[in-house]
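Numbering (full-length UniProt numbering), first residue to last: 1 to 137.
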């Protein structure tokens with residue numbers, strides 16, 4: 001299997017949605033909302049993709065300043081291609097595009113919580129979040 005990685009290859013919303021539906025992320029992303037999915041791609045600062053021929057088999061979508069921090073918002077590999085090092089390749093491709101000392105951070109899907117330590121991520125105990133519709137107290 002010859003997987004190729006790109007950071008300069010654009011993908012369509014349809015390709016992105018099709019891939020996400022082949023992963024556990026499909027159930028936790030607004031795949032039925034094309035406007036949101038389009039904005040997710042349009043406003044990503046870094047997109048690393050994995051291809052098997054003409055088939056998109058993986059994506060790492062990040063929001064970053066490239067120097068201080070990078071939030072890896074989506075790391076998705078199609079279920080049929082998992083366990084072949086593609087996720088590791090996508091993370092490595094992301095890291096290669098960041099400046100020295102930049103912190104790569106992510107929130108893990110429940111199904112992937114045991115995966116990230118295996119490829120070198122460290123767990124951080126304090127994480128906080130708030131949705132737009134929440135009230136600031």
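Glycine included, C-beta positions come from ideal geometry on N, C-alpha and C.
Identify which residue in 106, 41, 54, 59 has its Cα closest to the Cα of residue 48.
As a working note, residue 48 is residue 48 in the chain shown. Checked all of 106, 41, 54, 59; the closest Cα to residue 48 is 59.
Can you check DSSP and say which residues form a bridge with residue 20?
Here residue 20 corresponds to residue number 20 of the chain shown, with the count starting at 1. BP columns for residue 20 are empty, so no partner.
Endpoints, the alpha helix (DSSP H) within which residue 140 is located
Outside the modelled stretch of the chain, which goes from 1 to 137, sits residue 140, for which no answer is possible.
Going by the beta-carbon positions, is the gap between residue 95 and residue 104 smaller than 8 Å?
Locating residue 95 in the chain shown gives position 95, counting from the first residue. Locating residue 104 in the chain shown gives position 104, counting from the first residue. Going by C-beta atoms, residue 95 is nearer than 8 Å to residue 104.
Can you tell me where the beta strand (DSSP E) holding residue 55 begins and where it ends?
Position 55 of the chain shown, counting from 1, holds the residue named residue 55. Residue 55 -> beta strand (DSSP E) spans 55-64.
I need the boundaries of the alpha helix (DSSP H) containing residue 4, first residue and last residue.
Here residue 4 is taken as the residue at index 4 of the chain shown, counted from 1. Segment 3-6 is the beta strand (DSSP E) holding residue 4; no alpha helix (DSSP H) there.
Assign residue 107 to one of two classes, buried (16 or more other C-beta atoms within 10 Å of its C-beta) or exposed (fewer than that).
Locating residue 107 in the chain shown gives position 107, where the first residue counts as 1. Per the 10 Å Cβ criterion, exposed.
When the Cα atoms are used, what is the spatial distance from residue 137 to residue 126?
Translated into the one-based positions of the chain shown, residue 137 becomes position 137. Translated into the one-based positions of the chain shown, residue 126 becomes position 126. Each residue's alpha carbon lies about 19 Å from the other.
Can you check whether the CB of residue 63 is closer than 8 Å to the CB of residue 3?
As a working note, residue 3 is residue 3 in the chain shown. As a working note, residue 63 is residue 63 in the chain shown. No, these two residues do not count as a Cβ contact at 8 Å.
Within 10 angstroms of its Cβ, does residue 81 collect 16 or more other Cβ (buried), or is it exposed?
As a working note, residue 81 is residue 81 in the chain shown. By the 10 Å Cβ count, residue 81 comes out buried.
Nearest residue (CA-CA) to residue 72, options 19, 84, 44, 24
In the chain shown, the residue the question calls residue 72 occupies position 72. Nearest of 19, 84, 44, 24 to residue 72, Cα basis: 44.
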